[in-house]
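Worksheet for the structure shown next.
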Amino acid sequence: MEDNPISYSPITIGEYLKLLLPRLGTTKGRHVPYWPADVFAVAMFLIQKSGIYTLILNEWPPTVESEESSEKWAGKMARLGERWRELAGRDEPRPPTYVSNHWRLLMEAYSSTFGRLREDRSLAHALFELAAMADEASAGVGLPRSPSGASKYGKFYRRARTQLLPTETGSTLCMEVDRTRLRVLPKMHAPSKGLTIRSLSHHLALCSGDEICPFWEISVGYSPTREFMNLLIVPWPETIKPVQFKRVQRRHSGMRNMLNDFGFFQYSPEPEKNDAEEVAPEKFVKHVEGLYHEASSMMGRIDGIVFPELALVPEEFEALREAEFTQKIFLVSGIAKAPEEDNSFSANELYCDIPNRERMVQSKHHRWKLDKSQIIQYALGSLLSPERSWWEHINVDSRKLNFVSLLPWLVMSVVICEDLARPDPVGDLLRAVGPNLVLALLMDGPQIKERWSARYATTLAEDPGCSVLSLTSAGMSKLSRPASGVNRSKVIGLWKDAHSSTPVEIELPDGCEGVVLSMSVRWMDEWTADGREDRGATGYPLLSGIHGVKKSSNSPGKA
Amino acid sequence: MVRLSSRDASLLMDVLEQQELPPEERRKLLDKADPVVRQIGEALIDPSQTSNDPDVQEAVAQIRQWAEETQKIEEKQRLYA
Numbered sequence: 001m002e003d004n005p006i007s008y009s010p011i012t013i014g015e016y017l018k019l020l021l022p023r024l025g026t027t028k029g030r031h032v033p034y035w036p037a038d039v040f041a042v043a044m045f046l047i048q049k050s051g052i053y054t055l056i057l058n059e060w061p062p063t064v065e066s067e068e069s070s071e072k073w074a075g076k077m078a079r080l081g082e083r084w085r086e087l088a089g090r091d092e093p094r095p096p097t098y099v100s101n102h103w104r105l106l107m108e109a110y111s112s113t114f115g116r117l118r119e120d121r122s123l124a125h126a127l128f129e130l131a132a133m134a135d136e137a138s139a140g141v142g143l144p145r146s147p148s149g150a151s152k153y154g155k156f157y158r159r160a161r162t163q164l165l166p167t168e169t170g171s172t173l174c175m176e177v178d179r180t181r182l183r184v185l186p187k188m189h190a191p192s193k194g195l196t197i198r199s200l201s202h203h204l205a206l207c208s209g210d211e212i213c214p215f216w217e218i219s220v221g222y223s224p225t226r227e228f229m230n231l232l233i234v235p236w237p238e239t240i241k242p243v244q245f246k247r248v249q250r251r252h253s254g255m256r257n258m259l260n261d262f263g264f265f266q267y268s269p270e271p272e273k274n275d276a277e278e279v280a281p282e283k284f285v286k287h288v289e290g291l292y293h294e295a296s297s298m299m300g301r302i303d304g305i306v307f308p309e310l311a312l313v314p315e316e317f318e319a320l321r322e323a324e325f326t327q328k329i330f331l332v333s334g335i336a337k338a339p340e341e342d343n344s345f346s347a348n349e350l351y352c353d354i355p356n357r358e359r360m361v362q363s364k365h366h367r368w369k370l371d372k373s374q375i376i377q378y379a380l381g382s383l384l385s386p387e388r389s390w391w392e393h394i395n396v397d398s399r400k401l402n403f404v405s406l407l408p409w410l411v412m413s414v415v416i417c418e419d420l421a422r423p424d425p426v427g428d429l430l431r432a433v434g435p436n437l438v439l440a441l442l443m444d445g446p447q448i449k450e451r452w453s454a455r456y457a458t459t460l461a462e463d464p465g466c467s468v469l470s471l472t473s474a475g476m477s478k479l480s481r482p483a484s485g486v487n488r489s490k491v492i493g494l495w496k497d498a499h500s501s502t503p504v505e506i507e508l509p510d511g512c513e514g515v516v517l518s519m520s521v522r523w524m525d526e527w528t529a530d531g532r533e534d535r536g537a538t539g540y541p542l543l544s545g546i547h548g549v550k551k552s553s554n555s556p557g558k559a
Numbered sequence: 560m561v562r563l564s565s566r567d568a569s570l571l572m573d574v575l576e577q578q579e580l581p582p583e584e585r586r587k588l589l590d591k592a593d594p595v596v597r598q599i600g601e602a603l604i605d606p607s608q609t610s611n612d613p614d615v616q617e618a619v620a621q622i623r624q625w626a627e628e629t630q631k632i633e634e635k636q637r638l639y640a
């Protein structure tokens, strides 16, 4: 029998290029994109795929010209980036000639095998510089800009803002690279540890396609205090009973392939109801109003109120939003939605509501799996057998992540419970963008330093440098019984930022029903691995105060 | 409370930013906007164009305050840089 050896065909640079930008497949379509985010997407994709970013440590500055100091090189990238910003905002936009020349070098390598990127240093360096210039050109995209601040390069920033407007499939800054292939988003942190593709940029983040849809929202008309922020944390509900964890039948149309060893549960909130069994949120709203007024009189101003996972039903949130005292503050809460019919899923969502803006809704990405140890921890054994594992009966087919650009130094994201713990898909996106503030709404035990939330908050604080607040309800915290040692159910929150050596436990003082967290900004220089600094543009929200809130006797809602 | 979509908010930022344009051209930006957004935009272009709707008045006041606050932060950032 004749040998028929398998023929291997290594991928070429051109095949990758065509994958990102199909027009590059024709010789006529190989001109350079004028928009920095498109060039960034192409250059960074090749740098990441080939792993050549590690070369930067040995051959730095990564310039095609020799004998150039790193400082001089970084200055050149900044100047060319600024020039690109100006040219890309013109009516007939184009990139600088320096960019076009580097692009030409890449197109000349179109038919080469991918391995050439490691062998041909001038090609690798051209990619580094394309990415660096696109990054510098995009400084400040995706952030609120004052009308006067926007006058310089106004057209460029307006183009970027229009491009970033979310569609049904989320946001991207790219004009030519389709979002189903790759996305580029604004970025808030360059990690200071390790060496990954994320170490190479300040202002732009490379994100993979559609596994999770990022939505970028820029605030207009909402003004939290300039350099600090006071958040009222309400660990609602104050009590949770085991019977609120109900065993449910799996949905008829799905999950038929699951073993019988697994059961399904849903959590049923118990909002106040009237005689007609309708949700009557008046008492709850008065309770929050009492806390708000007390907190405001103590701190001067409250910028937002945050509730934990599954804290409210939609009617309660709606009533709170309608209340006069919440008209100038943002509200974030976990929302429990009952199934619309038997055997359908319940919903575990979060609402993020900024004044004057349409509400942002985000579903939980992962189902909670209650195992034996947790069933015992929360004393649910008579309702859910500890001999089985119980999945939360929710739908997870809509995965999105909102990035809320609140201030020129502050982008916030909110995640629900498990989504903090799972490294993908949301973890990759969080690390790529590096929002300055991550709120994690939990339904969990006390937020002590030894728990899982502290571990994952620390991971995000270290890389990329997010400040993370986790929050659980007083009810769930009380329901949790430690396997040994002292019960620390008063610890309802946990804070970790890049500059706190250990996580900070947030305790609800005796008699208090809320806590005000004060955050202040620290401007810091961040550096990319190729030696470019961001000139102090990065804001770190740092914890600067914790105050218990107790309603006074004349507060609304005080019995 | 007025509820602006991402597109509405972006349009109002365009109107606010393009102060170099004559008012009539800035108004043209609002041609296809929802009536509430148009009222807000017109009040931002010309403060004498006040709406009778208290929600619109409130939104205009908050957007103006936002512009001032954002400018102060940018000045602070420039100082640091």
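Line by line, the protein sequences are chains A and B. Quick note: the first sequence, position 479, residue 479 per this note's numbering, numbers continuous. Quick note: the second sequence, position 1, residue 560 per this note's numbering, numbers continuous. Glycine residues also receive a C-beta, built at the ideal position from the N, C-alpha and C atoms.
Tell me the DSSP secondary structure of residue i in three-state form.
i, result
"Met-360(A)", "strand"
"Met-560(B)", "coil"
"Arg-399(A)", "coil"
"Tyr-351(A)", "strand"
"Ile-335(A)", "strand"
"Leu-17(A)", "helix"
"Lys-49(A)", "helix"
"Ala-440(A)", "strand"
"Ala-620(B)", "helix"
"Arg-116(A)", "helix"
"Val-99(A)", "helix"
"Leu-182(A)", "strand"
"Arg-522(A)", "strand"
"Leu-195(A)", "coil"
"Ala-276(A)", "coil"
"Phe-264(A)", "strand"
Chain B beta carbons: is any one of them nearer than 8 angstroms to that of residue i?
i, result
"Val-220(A)", "yes"
"Arg-158(A)", "yes"
"Leu-401(A)", "no"
"Ser-544(A)", "no"
Please tell me whether residue i has its Cβ less than 8 angstroms away from any Cβ of chain A.
i, result
"Ile-604(B)", "no"
"Arg-585(B)", "no"
"Ala-568(B)", "yes"
"Gln-598(B)", "no"
"Leu-571(B)", "yes"
"Gln-616(B)", "no"
"Ser-564(B)", "yes"
How big is the Cα-Cα spacing for residue i and residue j?
i, j, result
"Ser-552(A)", "Gly-511(A)", "11 angstroms"
"Ser-569(B)", "Met-175(A)", "17 angstroms"
"Asp-397(A)", "Ala-440(A)", "20 angstroms"
"Asn-348(A)", "Arg-83(A)", "47 angstroms"
"Arg-30(A)", "Leu-571(B)", "37 angstroms"
"Glu-579(B)", "Ile-599(B)", "19 angstroms"
"Arg-321(A)", "Gly-304(A)", "12 angstroms"
"Ala-41(A)", "Arg-488(A)", "48 angstroms"
"Asn-101(A)", "Leu-165(A)", "31 angstroms"
"Tyr-16(A)", "Leu-46(A)", "8 angstroms"
"Gly-140(A)", "Ser-382(A)", "55 angstroms"
"Ala-559(A)", "Arg-179(A)", "Confidence is the limiting factor: at Ala-559(A) the pLDDT is only 43, short of 50, which leaves the residue's position unreliable, though a coordinate-based value still follows. Their backbone Cα atoms lie some 54 angstroms apart in a straight line."
"Glu-627(B)", "Pro-147(A)", "9 angstroms"
The alpha helix (DSSP H) that contains residue i, what's its start and end?
i, result
"His-293(A)", "282-299"
"Glu-583(B)", "582-587"
"Val-574(B)", "565-576"
"Gln-244(A)", "Looking at the DSSP string, Gln-244(A) is not in any alpha helix (DSSP H), and its letter there is neither H nor E."
"Ile-375(A)", "372-377"
"His-125(A)", "121-137"
"Pro-314(A)", "314-322"
"Gln-163(A)", "154-164"
If we define contact as Cβ-Cβ less than 8 angstroms, is residue i a contact residue for chain D?
i, result
"Arg-357(A)", "Protein chains A and B are contained in the structure displayed, whereas chain D is not."
Locate the beta strand (DSSP E) running through residue i, then write down its first and last residues.
i, result
"Lys-76(A)", "Element bounds for Lys-76(A): not the beta strand (DSSP E) but the alpha helix (DSSP H), 70-88."
"Gln-447(A)", "Per DSSP, Gln-447(A) belongs to no beta strand (DSSP E) and is neither H nor E."
Using 7 angstroms as the cut-off, classify the Cβ of residue i as near or not near the heavy atoms of the ligand FAD, replying yes or no.
i, result
"Gly-115(A)", "As far as ligands go, the structure on display features none, and thus does not contain the ligand FAD."
May I ask you to verify whether the segment 349-360 of chain A touches the segment 370-388 of chain A, counting CB pairs closer than 8 angstroms and requiring at least 3? At 8 angstroms Cβ cutoff, the stretches do not touch.
Indicate whether the contact test is met: 3 or more Cβ pairs, each with one atom in the segment 195-214 of chain A and one in the segment 128-137 of chain A, closer than 8 angstroms. They touch, by the three-pair rule.
Given 8 angstroms as the limit, is there contact between the segment 378-391 of chain A and the segment 327-344 of chain A, that is, 3 or more CB pairs closer than that? The segment 327-344 of chain A and the segment 378-391 of chain A do not touch, with fewer than three beta-carbon pairs separated by less than 8 angstroms.
Below 8 angstroms, can you find three or more Cβ-Cβ pairs linking the segment 450-464 of chain A to the segment 324-331 of chain A? In short, these stretches do not touch, since the Cβ pair count stays below three.
Contact between the segment 230-244 of chain A and the segment 468-475 of chain A: three or more CB pairs below 8 angstroms? Flag = yes, the segment 230-244 of chain A and the segment 468-475 of chain A touch.
So, does the segment 436-456 of chain A touch the segment 481-500 of chain A, judging by three or more C-beta pairs under 8 angstroms? Enough Cβ pairs lie closer than 8 angstroms, so yes.
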